[in-house]
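Just below is one structure, and these are the notes that go with it.
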Amino acid sequence: MEPTHLEGGQMNAAVLFGLGTMIAWGFWIAFGNVASSTMDPETAAFVSYAAATVVTGIYVVVSDASSVVTNRGMMFAGAAGVAAAVGVVSTFVGVTVGPTSIVSTIGGMYFITAAVIGVIAFGESMTLTKAAGIGLALIAIVVINQ
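Quick note: the sequence shown uses full-length UniProt numbering, first residue 1, plus one each step.
The following block contains the structure:
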């Protein structure tokens, strides 16, 4: 079983990748803000994801990633791509019409959507801790918009 907390000074791989995600997406939105202020935000979003596609493709080729594809995997990966496209365009347009701090903070609350989908569509359990976290995140959205 994978450790779920820090043990013996070693960082849980999920925490490490989570930190990588947080840092990378922080740079992504900051750079996207600059790009969207110097060119059409929809075009900036397209260029951003075109670059991401190239880098991800190179990573898949040089890593030991499996090339096995399933119908279910393709369906959900495609749906994830559509959701990512809507998210990137919403973000890039959002930072042109409002503060990056607001757009990025509210956008960063995507985990609320993921948690609700996980419970409703994929049968994950809704614990009191998860419900409290979602509730606090919703309160944070209200507070940051004041």
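Positions of the beta carbon are idealized from the N, C-alpha and C atoms, including for glycine.
As assigned by DSSP and simplified to three states, the class of residue i
{"i": "ALA114", "result": "helix"}
{"i": "GLY135", "result": "helix"}
{"i": "GLY26", "result": "helix"}
{"i": "MET1", "result": "For MET1, the pLDDT reaches just 42, beneath the cut-off of 50, and the residue's location in the model is therefore unreliable, although a value from the coordinates is still provided. Coil."}
{"i": "THR21", "result": "helix"}
{"i": "THR127", "result": "coil"}
Alpha-carbon to alpha-carbon, residue j and residue i
{"i": "ALA83", "j": "ASN12", "result": "28 Å"}
{"i": "ASP40", "j": "GLY87", "result": "16 Å"}
{"i": "residue 160", "j": "ALA52", "result": "The structure shown does not extend to residue 160, since the chain spans only 1 to 146, so no value can be given for it."}
{"i": "residue 168", "j": "GLY81", "result": "Outside the shown range of the chain, which is 1 to 146, sits residue 168, and nothing can be said about it."}
{"i": "ALA45", "j": "VAL89", "result": "6 Å"}
{"i": "SER63", "j": "VAL54", "result": "14 Å"}
{"i": "GLY73", "j": "SER67", "result": "12 Å"}
{"i": "TRP28", "j": "ILE117", "result": "25 Å"}
{"i": "SER37", "j": "THR43", "result": "11 Å"}
{"i": "TYR59", "j": "ILE120", "result": "33 Å"}
{"i": "PHE76", "j": "LEU19", "result": "24 Å"}
{"i": "GLY107", "j": "ALA140", "result": "12 Å"}
{"i": "SER125", "j": "GLY78", "result": "26 Å"}
{"i": "THR56", "j": "LYS130", "result": "32 Å"}
{"i": "MET22", "j": "ASN71", "result": "30 Å"}
{"i": "ALA50", "j": "LEU138", "result": "32 Å"}
{"i": "ALA65", "j": "ALA115", "result": "27 Å"}
Of the residues the options, the one placed nearest residue i, counting alpha carbons only
{"i": "PHE92", "options": "ASN71, GLY78, TRP25", "result": "TRP25"}
{"i": "VAL47", "options": "ILE139, ALA140, LYS130, ALA85", "result": "ALA85"}
Residue i: CB within 7 Å of a non-hydrogen atom of the ligand NAD
{"i": "GLY133", "result": "The ligand NAD is not part of this structure, which contains no ligands at all."}
Is it a yes or a no for the stretch 96-116 touching the stretch 23-43, going by three-plus beta-carbon pairs under 8 Å? yes
As an exercise, report each continuous beta strand (DSSP E) stretch of at least 3 residues that is fully enclosed by the stretch 28-115, in chain order. none
Taking one C-beta from the stretch 137-145 and one from the stretch 98-117 each time, how about it: are there three or more such pairs within less than 8 Å? yes
For the stretch 107-118 and the stretch 130-141, state whether three or more C-beta atom pairs, one from each stretch, are separated by less than 8 Å. yes
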